[in-house]
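Under our numbering, the residues of the sequence shown are numbered 39 to 166, in order.
Idealized CB from N, CA, C, for every residue including glycine.
Everything numeric in this text was worked out from a predicted model, so none of it was measured.
Taking it in order: structure first as structure tokens, then the write-up.
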Amino acid sequence: MNECQKCGSDTRMQVNVVISAPGDLAHNLSKRNLRSKDVFIMGVKWETADFICTNAKCRHVTIGYGNYVSNLEKEKDKLFQQLKNLTIQCEKVVKWKHLMSYNDSYLGEPNGDLKRAIYDIDRVMSAK
Ligand SMILES: [Zn+2]
Numbered sequence: 039m040n041e042c043q044k045c046g047s048d049t050r051m052q053v054n055v056v057i058s059a060p061g062d063l064a065h066n067l068s069k070r071n072l073r074s075k076d077v078f079i080m081g082v083k084w085e086t087a088d089f090i091c092t093n094a095k096c097r098h099v100t101i102g103y104g105n106y107v108s109n110l111e112k113e114k115d116k117l118f119q120q121l122k123n124l125t126i127q128c129e130k131v132v133k134w135k136h137l138m139s140y141n142d143s144y145l146g147e148p149n150g151d152l153k154r155a156i157y158d159i160d161r162v163m164s165a166k
């Protein structure tokens, strides 16, 4: 982590640190206040560590312990996209539902779209 994985230059680390400080220092953690005897580090959230290449032409970021905040954000976006796709497919199914006969065969549905919609839903649901 002390060397860039891409170019081998030195890295700088950015990591969330939990400090304990008097309440009246809220929004006032100046460098001077951080040196106060009343202020101390309780722990480091290593899961938030990023290692950033110091080479201006590279700036590669290595995510040290897996940045759970950005990972959750990406996961959320992925799930929303999946939900959006499923909603579109379900709307298609509902639209064509009235074309189905009593034995679930379908009539008059254009270009096999219903079959494709059901196939897409099966595929997405079994992916997770
Ligand atoms: Zn680099």
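- Between V131 and the set L152, K122 and I90, the nearest pair of CA atoms involves L152.
- When beta bridges are read from the DSSP output, E129 appears opposite no residue.
- For N71, the enclosing alpha helix (DSSP H) stretches over residues K69 to L72.
- Taken atom to atom, the span from the alpha-carbon of I156 to that of Q127 is near 7 Å.
- Short note on R50: C-beta not closer than 8 Å to any heavy atom of ligand 1.
- When L72, R154 and M51 are compared, the shortest CA-CA separation from W134 is found for R154.
- A contact is defined here as three or more CB-CB pairs under 8 Å, and the region 112-127 fails this definition with respect to the region 82-102.
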